[in-house]
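Chains as they are written, first to last, in the numbering used here: chain A, 212 to 367; chain B, 212 to 367; chain C, 37 to 442; chain D, 37 to 442.
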Amino acid sequence: MNLKELYQEIILDHGKNPRNLRKTENFNKDAKGHNPLCGDKVHVFLKLNENKKIEDISFEGSGCAISMASASIMTDLVRDKEEKEAKDLIKDFLDMIKEKPELVTKSLSEDEKTKLMSLSGVKKYPMRVKCATLAWHTLISAITNSQEEINTEKFD
Amino acid sequence: MNLKELYQEIILDHGKNPRNLRKTENFNKDAKGHNPLCGDKVHVFLKLNENKKIEDISFEGSGCAISMASASIMTDLVRDKEEKEAKDLIKDFLDMIKEKPELVTKSLSEDEKTKLMSLSGVKKYPMRVKCATLAWHTLISAITNSQEEINTEKFD
Amino acid sequence: MNIDNIKKEFPIFNNKVHNNDLVYLDSANSSQKPQVVIDRIYDFYSKEFSNVGRSVHYLAVAATNMYENTRVSVQKFINAKDKNEIVFTKGATEAINLVASTYGQKYLKSGDEVLLTELEHHSNYVPWHYLRKSKGVKIEFADVNDDGEVTLESIEKKITSKTKMIAITHLSNVTGAILSIKEITELAHSKNIPVLVDGCQGAPHLKLDMQDLDCDFYAISCHKMYGPTGLGILYAKKKWLEELPPYQGGGGMIGEVKKEGITYGDLPNKYEAGTMQTAQVIAFDESIKFLNKIGIENVMKHESELINYGQEILRKNNSVKLIGNPKNKGGVLSFTLDGIHPHDIATILDEDGVAIRAGHHCCQILHDKLNIPASARASLGIYNTKDDLDKLNNALNNCKKIFNTK
Amino acid sequence: MNIDNIKKEFPIFNNKVHNNDLVYLDSANSSQKPQVVIDRIYDFYSKEFSNVGRSVHYLAVAATNMYENTRVSVQKFINAKDKNEIVFTKGATEAINLVASTYGQKYLKSGDEVLLTELEHHSNYVPWHYLRKSKGVKIEFADVNDDGEVTLESIEKKITSKTKMIAITHLSNVTGAILSIKEITELAHSKNIPVLVDGCQGAPHLKLDMQDLDCDFYAISCHKMYGPTGLGILYAKKKWLEELPPYQGGGGMIGEVKKEGITYGDLPNKYEAGTMQTAQVIAFDESIKFLNKIGIENVMKHESELINYGQEILRKNNSVKLIGNPKNKGGVLSFTLDGIHPHDIATILDEDGVAIRAGHHCCQILHDKLNIPASARASLGIYNTKDDLDKLNNALNNCKKIFNTK
Ligand SMILES: Cc1ncc(COP(=O)(O)O)c(C=O)c1O
Ligand SMILES: Cc1ncc(COP(=O)(O)O)c(C=O)c1O
């Protein structure tokens, strides 16, 4: 049954008790993301050190179990990565969620891969893919420091 | 066959050689009518004397056989009528074209009635009823001297 | 036609969803279509198709007559005074845009106020927002109370000497609150303010009488009334349609066209530019006939029983929180479930064949006020039954199981 | 699929008109629909109906995917660069209104000029006229020549430093003239002027390639392309859709909505406010598949043979005067008949089952120029045959008999 794949224990756990749900002190990069369809919102905070390594990452926001779990897992996996590594991981994740069967990244341990792959259940729920990817898109925009919100133009 | 009823000899005759297709000298009432669907246009000129009798009536315009014949027959029948009589005749004609089987008017001779009833063929052609009634509506507006064109607002 | 087994008139219910019977509780979004309406579209395209209003050949004449017949049917259905007060549009959204644009253009200036309510759907806010941008018009919102209602008093409170339009929903698509339109209109008219009613949810659920409500404008979406998609209706009092400028320009709405200027056609042509939704208008006549056969009173009785039953069982379900508790309620049951986000609810319910909607339902302002990012909404149509609501409740319990909540 | 017996794919031709076979020569007004399109509408409403974009249940997801598939099909059919350059509208008329309104609002000011041609349909004039009224924009008309064409030169002649938009038809719905869009666009762009093409008659008859034509906007009516009524398409280059303000406001086109302000959604949502024409969009995919199966080259070859044949036999008929003689002609044969008004022709032809249109075909300016109040028009679709044109000619001779003319 697909639902079991979608709502795996690990997702429910991260959904209910999201890790890194706070605001990094002295963050130097951040971005907001928003899914107009369901109202999910996320605000990602980054602290990059001078070597472009992610010293800390955190998020604030609210949303469904999938989007919360996704942000939670993402922040866990990305901490302590170099900017370049993080970017590769994001790309790998987005590719996997959209079309590829597997992750190709080498920067994750098997445990970490399992954790990340737990989000792959959304593949069978096309309308929910956005829930799983919102935090990741927001992270890209935090790293590249584009000022605009993801999916959101300026108020008119 | 309905077409024969629609295009009776008398209609074809009046359509091709419309009577009173000219402009009354010293007219004191007039009105323009227009059918946006087909582009038919008619301009009716009236000369009412002090006793409210129609001394002369004429028209200018272009249109299909039905609309030309209708204007031609109308102008023929209405000349020398009192304003009140003319109004009754118009009402009678419009009622007949729209729903009633016969004319009820007493102001016409049998010959004149036949002439007018020749227009009743349009009853089976709902889209053509407007062709038959355009001149008559225009005549109403000439008599009541409303300034606007029938079916036409002011240019914007 | 008996409403108790009306489901069989809707062919969609012969199909399974994830091997379950379909429990369709998303009618406020769009309703399913009865066989008669689907058949009418099929037959019209197969045997009778032509454009209307333009040609004089057999098919065109017949189609034009059928098209205009629907206008008369709608007129009677909503008890409008004149058939030319019925304008066909793309949907309720277009109908409201039409009014905001033309009324705003002619009558509104900087500083004037448009009064909405906190219940409004985005379709009854964004068009007015445009006037804020283009003209400096101000937008006010009448407060929603804790029961999810907007009362006559809360509207009265926000009326000022600058109020030039009141635009309000008939029936909230989130709380189900039915507004007292007649009283609001009376109040507004006493101050010379016209009233637009967003009738999207009113039209499918309530008996409509334009002359009694006396509103100036009423917007309807036919696809929520068991009719085809892509069709809406603007009812407007004749004097407004005569006074207001035209909206879209194009074929069919003109009188004379010259290089220097243009005259516009008579009503209703003035507001029906371009080729219209011929097939949809003609088929919508069947939707009205269908509703008339059931009887709108029977629809209201049936749905009010369902709403009561739904509220009863959901209230018994401890983790469910109903949104709003209006005295006068129709059509929708919105709620949240402790510890489970509405989006997750909708996905899990779907697996059981239960179709609901999750999100803000195009009412972000209301959700902000309620301080929730989203809600779940089960909305009713004539085909729903108590059994459907039981299934909804069971599926909600299934959600709790999956999420290990109580 | 073989175009020579394509008539059998259209169920309308199984029916009689006044006991005669239907000879449908009114496709420029609206085309008939193939069985596959009618079936798709039927099946969608019967088995798969849901609104799109809003809910996450099974039916909604499936419908949303099908809806977006059509967007991709249209993109490929007209060779647009990006699927988000395809906006669904109510019709071509709405598409042109959308552009005139949003472009005018943002970029036009008093004294600026919009260049049209004398061939334009009212739908490509009235929307620009509104800007004349509201903004003091000037409207210029490129001359039509004696052959009923508008040449590149006649357009060049009317371009000034004030020209801010060129809006022209692809294929005249009266003379059949096909304009050299690619060359016109090149010229216009060299002067930094955007080009809108009214593709109502271009789309059903010509191979379309937006990247090759390079126009900025292209408006299409689906009901003239063997698709459902109530649906149109606006193609617009992405940069325009990004730069221009939104048009109608409502559900689905927003990002965030607050009492103080609103953000708009991404493309293409920004321009698709309110519930869209779900069933029509989904069914239109079948129209495109149908045309692709026949092959647009075969459509063009077939129709050009018919146009040539039609011109040939009508020229032999002494009392017929063809309107226009463009070198590059498609789709329509307009004419007058000595001594018989077009309206009378249409009525008499109808009795023989021959459906044509009479009037000004929403081109009053052209008719003024030609100095005729109205014309008769036989317009072609893929289902027409030489036999249809022979029947037209015979029916015209019947008119002459009834009117005793030669
Ligand atoms: C050249 C041309 N432009 C515009 C239109 C208007 O299209 P619609 O009425 O489908 O919006 C038509 C068809 O009537 C046309 O032939
Ligand atoms: C209350 C209300 N207003 C307006 C709308 C917009 O209607 P449509 O999307 O059919 O134009 C809806 C439905 O979505 C609604 O429920």
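Glycine included, every Cβ here is placed at the ideal spot set by N, Cα and C. None of the values given here were measured: they were computed from a predicted structure.
Using a 10 angstroms sphere on the CB of Gly-172(C), the tally of other CB atoms stays under 16, which defines it as exposed.
Taking 9 angstroms as the cut-off between beta carbons, the residues of the stretch 274-299 of chain A near chain C are Gly-274, Cys-275, Ala-276, Ile-277, Ser-278, Met-279, in sequence order. Secondary structure at Ala-116(D): coil, using DSSP grouped into helix, strand and coil. Here the distance from the Cβ of Gln-237(C) to the nearest heavy atom of ligand 2 is below 6 angstroms. Using a cutoff of 6 angstroms, the CB of Asn-246(B) does not count as near ligand 2, since none of the ligand's heavy atoms is closer than that. Pairing Ser-208(D) with Leu-155(D) gives a Cβ-Cβ distance under 7 angstroms. Judged by pairs of C-beta atoms under 8 angstroms, the stretch 190-204 of chain C does not touch the stretch 333-352 of chain C, as fewer than three such pairs exist.
Close to chain A, meaning a Cβ-Cβ distance shorter than 9 angstroms, are the following residues of the stretch 94-114 of chain D: Ala-96, Val-97, Thr-100, Asn-101.
By the Cβ-count criterion, Asp-182(D) is exposed, with fewer than 16 other Cβ atoms from all chains shown falling within 10 Å of its own Cβ. Listed in chain order, the beta strand (DSSP E) elements of length 3 or more contained wholly in the stretch 237-314 of chain B are 240-246, 251-259, 265-273.
By the CB criterion at 7 angstroms, Asn-56(D) and Asp-388(D) fall inside the cutoff. Distance from Asp-245(D) to Asn-115(D) at the Cβ level is roughly 4 angstroms; contact confirmed, criterion being Cβ atoms closer than 8 angstroms. Among the CB atoms of chain D, none fall inside 7 angstroms of the CB of Asp-79(C). If you keep only unbroken alpha helix (DSSP H) runs of at least 4 residues inside the stretch 305-351 of chain C, you get 314-330. Among the residues facing chain A, Val-293(D) is not included, as its CB has no counterpart in that chain under 7 angstroms away. Contact annotation: in the stretch 338-352 of chain B, residues whose CB is within less than 8 angstroms of a CB in chain C are Met-338, Arg-339.
For the stretch 378-396 of chain C, the set of positions with a beta-carbon nearer than 8 angstroms to some beta-carbon of chain A reads Pro-378, His-379, Asp-380, Thr-383, Ile-384, Glu-387, Ala-394, Gly-395, His-396 in chain order. Scanning its chain for C-beta atoms nearer than 6 angstroms, with the 5 sequence neighbours on each side dropped, one finds around Ser-411(C) the residues Ile-359, Ser-370, Thr-372, Pro-378, in chain order. Distance between Asp-303(A) and Tyr-336(A), taken at the CA atoms: about 19 angstroms. For the stretch 405-431 of chain C, residues whose beta-carbon sits nearer than 7 angstroms to a beta-carbon of chain A comprise Pro-409, Ala-410.
Distance from the CA atom of His-259(C) to the CA atom of Ser-66(C), rounded to whole angstroms, is 6 angstroms.
For Leu-327(B), the enclosing alpha helix (DSSP H) begins and ends at 321-328. Where Ile-359(D) is concerned, there is no enclosing alpha helix (DSSP H), because DSSP gives it neither an H nor an E. A distance criterion of 6 angstroms places the beta-carbon of Asp-234(D) in contact range of ligand 1, judged by its closest non-hydrogen atom. Burial state of Asp-306(B) is exposed, judged by a 10 Å Cβ sphere holding fewer than 16 other Cβ atoms.
Taking a beta-carbon distance threshold of 7 angstroms, Gly-346(C) does not count as an interface residue toward chain B. Counting only residues of its own chain and dropping the five nearest sequence neighbours on each side, Thr-299(D) has a CB closer than 6 angstroms to the CB of Gly-291, Glu-292. The Cβ neighbour count for Val-108(D), taken over all protein chains shown within 10 Å, is under 16; the residue is labelled exposed. In the three-state reduction of the DSSP assignment, Glu-292(D) falls in the strand class, which pools E and B. Going by DSSP, Met-201(C) is part of the beta strand (DSSP E) stretching over 199-205. Cβ proximity to chain C below 7 angstroms picks out His-245, Pro-247 from the stretch 234-260 of chain B. Using a Cβ-Cβ cut-off of 9 angstroms, His-403(C) is close to Gly-250 of chain A, given in chain order. By the beta-carbon neighbour count (other beta carbons within 10 angstroms, threshold 16), Ser-146(D) is exposed. Sixteen is the threshold: when 16 or more other Cβ atoms of the shown chains lie within 10 Å of the Cβ of Arg-393(C), as they do, the residue is buried.
Following the DSSP letters along the chain, one finds Val-123(C) inside the beta strand (DSSP E) bounded by residues 122-125. Under the 7 angstroms criterion on CB atoms, Val-92(D) is classed as interfacial with respect to chain A.
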